[in-house]
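> First the structure, which I've put down as structure tokens, then a few questions once you've had a look.
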Amino acid sequence: MTTSVNYFGSLGSNADEALAVVEPIVSEILKSHENGDYDLFSSLITQNLKAKVKPEGFKKAVQENQPTLGIMQSKRFVAALNKGGNPMFLWVARFSKAEDDVLINITFTDDKASPKVDWVWIE
1 MTTSVNYFGS
11 LGSNADEALA
21 VVEPIVSEIL
31 KSHENGDYDL
41 FSSLITQNLK
51 AKVKPEGFKK
61 AVQENQPTLG
71 IMQSKRFVAA
81 LNKGGNPMFL
91 WVARFSKAED
101 DVLINITFTD
111 DKASPKVDWV
121 WIE
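The sequence shown begins at 1 in UniProt numbering and counts up by one.
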């Protein structure tokens, strides 16, 4: 007997519903990286992540990664997982300066009223 896992938490009962909630936040997170805007980035993340990602570390990551990524050309949702009770979403993206696909991994708090990013990884 298999147990059904809700990968989207309170963000939606299926991928379409959950993506409607998180896609605007994802766009802003990616824009903050593209523009090096820590204020925007920090407005979208949890206190836990703010404690880990300080302005200096964010700036360094942007300076190291943005020149090799460039502008995002497209992204495609590929999967959702459950990470510690929170929904984690994975996208594959293409960037103007990257030859390879880029994985975008973002974990959200399970709070539909005010979802925050609890983890973000772009590789």
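Glycine included, each C-beta is placed from N, C-alpha and C at the ideal position.
According to DSSP, is Ile71 part of a helix, a strand, or is it coil?
Here residue 71 corresponds to residue number 71 of the sequence shown, with the count starting at 1. The answer is coil: DSSP assigns Ile71 none of H, G, I, E or B.
> What separation, rounded to the nearest whole angstrom, lies between the Cα atoms of Val78 and Asp16?
For the purposes of this step, residue 78 is taken as residue 78 along the sequence shown, with counting starting at 1. For the purposes of this step, residue 16 is taken as residue 16 along the sequence shown, with counting starting at 1. Computed Cα separation, rounded: 12 angstroms.
> Is Asp118 helix, strand or coil when you go by DSSP?
Counting from 1 along the sequence shown, the entry for residue 118 is found at position 118. If DSSP states are grouped into helix, strand and coil, Asp118 belongs with the strands.
> Residues in its own chain within less than 8 angstroms of Asn14 by CB, not counting five upstream and five downstream?
Against the sequence shown, residue 14 aligns to sequence position 14. Around Asn14: Phe8.
> Just the Cα atoms here: how many angstroms apart are Leu19 and Leu44?
To locate residue 19, count along the sequence shown from 1; it is residue 19. To locate residue 44, count along the sequence shown from 1; it is residue 44. Cα to Cα, Leu19 sits roughly 16 angstroms from Leu44.
> Note the first and the last residue of the continuous alpha helix (DSSP H) segment covering Ala20.
For the purposes of this step, residue 20 is taken as the residue at position 20 of the sequence shown. Per DSSP, Ala20 belongs to the alpha helix (DSSP H) from Ala15 to Asn35.
> For my contact list, Ile122 and Val92 are in at a C-beta cut-off of 8 angstroms; report their separation, rounded to the angstrom.
Within the sequence shown, numbered from 1, the residue matching residue 122 stands at position 122. Within the sequence shown, numbered from 1, the residue matching residue 92 stands at position 92. The pair is not a contact, with the Cβ atoms about 11 angstroms apart (cut-off 8 angstroms).
> Mark Ile106 as exposed unless 16 or more other C-beta atoms lie within 10 angstroms of its C-beta, in which case mark it buried.
One-based indexing of the sequence shown puts residue 106 at position 106. Buried, since its Cβ has 16 or more Cβ neighbours within 10 Å.
> Is it true that the CB of Asp118 sits closer than 8 angstroms to the CB of Leu49?
Walking along the sequence shown from the start, residue 49 turns up at place 49. Walking along the sequence shown from the start, residue 118 turns up at place 118. It is a contact, given that the beta carbons lie within the stated cut-off.
> Return the residue from the list Phe89, Ser114, Leu81 and Gln66 that minimises the CA-CA distance to His33.
Numbered from 1 along the sequence shown, position 33 holds the residue referred to as residue 33. Of Phe89, Ser114, Leu81 and Gln66, the residue nearest in Cα terms is Gln66.
> Beta-carbon within less than 6 angstroms of Lys75's beta-carbon, same chain only, minus the 5 sequence neighbours each way: which residues are those?
Here residue 75 refers to the residue found at position 75 when the sequence shown is read from its first residue. These residues qualify, in order along the chain: Trp91 and Ala93.
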